[in-house]
Every structure is written in structure tokens, then in C-alpha cells.
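Residue numbers (this note's numbering): 162 to 363. A virtual CB, placed ideally from N, CA and C, is assigned to each residue, including glycine. Note sheet for the following structure.
Here it is as C-alpha cells:
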């Protein structure tokens with residue numbers, strides 16, 4: 162028989178406490194739930210803070226955009242006012258040029274209509290004789306070419322004297338009566354119309 166003693170582990174009896182284990186389990190569950198709830202609250206607070214910052218940034222960006230838009234509109238209004246101020250004299254000048262061209266065209270058309278032909282030449286004398294005057298016309302001065310056409314056509318009115326006047330343009334006539342004369346020139350008539358229109362628009 163061996164002289165060495167044999168050793169074996171000591172087995173301690175299990176001392177379980179079911180109530181304690183239940184309480185510990187409940188405590189662990191409550192701790193987990195409390196931690197989860199705290200995490201949710203923290204996440205919600207963080208999300209709210211992020212949303213608030215985003216809203217503030219959006220409002221700031223909107224205000225900045227409104228300022229930029231208003232500044233751009235101000236520049237546009239100033240430019241439009243300057244353009245209008247600069248355009249008015251130009252428009253007036255263009256209107257004057259158009260009016261002058263219209264009168265020149267009218268003179269050219271009238272002059273062309275009276276330039277040739279017996280009927281046209283007779284209308285020159287008729288224009289001078291038919292003017293409303295308190296005295297009878299005794300002399301009508303005409304362009305030499307117009308007088309020559311009237312003479313050739315044999316339509317010289319016997320009640321007046323027709324005189325050639327090289328100073329008159331073709332189609333013009335000046336009727337003379339006892340106390341004065343009537344300017345029946347085309348250019349003078351157009352000038353009177355031009356002056357009347359200019360006076361009416363002033």
C-alpha cells in the first residue's frame with residue numbers, strides 16, 4: 162500500500178436562492194429597459210436638435226436669397242429707369258424724323274400729281290382761284306412750264322391774268338388781289354399743316 166495520501170476536491174453543496182435569482186433577473190430587465198428608453202430619448206433629442214438647426218439654416222438661406230433678389234430687382238429698376246430716360250429723346254427724335262419724312266413724301270406725291278398734264282395744270286389755277294377771299298383775284302403767277310401747258314391747252318381763264326414766275330416751283334401758284342396775295346404754293350401749304358400739327362402736339 163502506498164504511503165502517499167490521496168487528495169480529492171472538496172465538493173461544496175449548491176446553495177441556490179430562487180427568489181434572489183428572480184429579483185436579479187427582473188433587475189436586469191428593468192436596467193435594460195431603462196437603458197433602451199434613455200437611448201431613445203437621447204436619439205429623439207439629437208434628431209430634434211438636428212431638425213432645429215436645419216430649419217434655422219433654411220430660414221437663413223431664404224432670408225439671404227430674398228435680400229439678393231431685392232438687390233437684383235433694385236439694379237433692374239435702376240437700369241430700366243436709365244434706359245427709359247435715355248430712350249425718350251431718341252424716340253422723340255425718331256418721331257420727328259418720321260414726321261419730316263412723311264411731309265417730304267406728301268410734298269413729293271403732290272408735286273408728282275401736279276407735275277404734268279392739262280388737268281393737273283388746270284388744278285393749279287383752280288386752287289388759286291377757289292380760295293375763300295373777300296376780293297376778286299386779278300393775277301395768278303405760275304411756274305413758266307405750267308403757264309406754257311395752260312396756254313397750249315387753251316384753258317387760260319379770261320377773268321385773270323396769268324404771269325410766268327421763274328421763282329415758283331412746278332405746281333405752285335400765287336394769286337394776287339387788290340389788297341394782297343394768297344400763297345398757294347405746295348411747300349407753303351405743307352409748312353402750314355406741319356406748324357399746325359406741331360402746335361397741336363405741344
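- Each residue's CA atom was taken as its position, placing residue 189 and residue 180 some 14 Å apart.
- Per the DSSP secondary-structure output, residue 341 pairs in a beta bridge with 338.
- Here DSSP, grouped into helix, strand and coil, assigns residue 328 to coil.
- When secondary structure is reduced to three states using DSSP, residue 214 falls in the helix class.
- The three-state secondary structure of residue 346, taken from DSSP, is coil.
- At the C-beta level, residue 308 and residue 334 stay beyond 7 Å of one another.
- In the assembly as shown, residue 329 is a buried residue. Its beta-carbon has 16 or more other beta-carbons within 10 Å.
- Residue pairing by DSSP places residue 201 opposite no residue, since no beta bridge is assigned to it.
- Residue 221 and residue 207 have their C-alpha atoms some 21 Å from each other.
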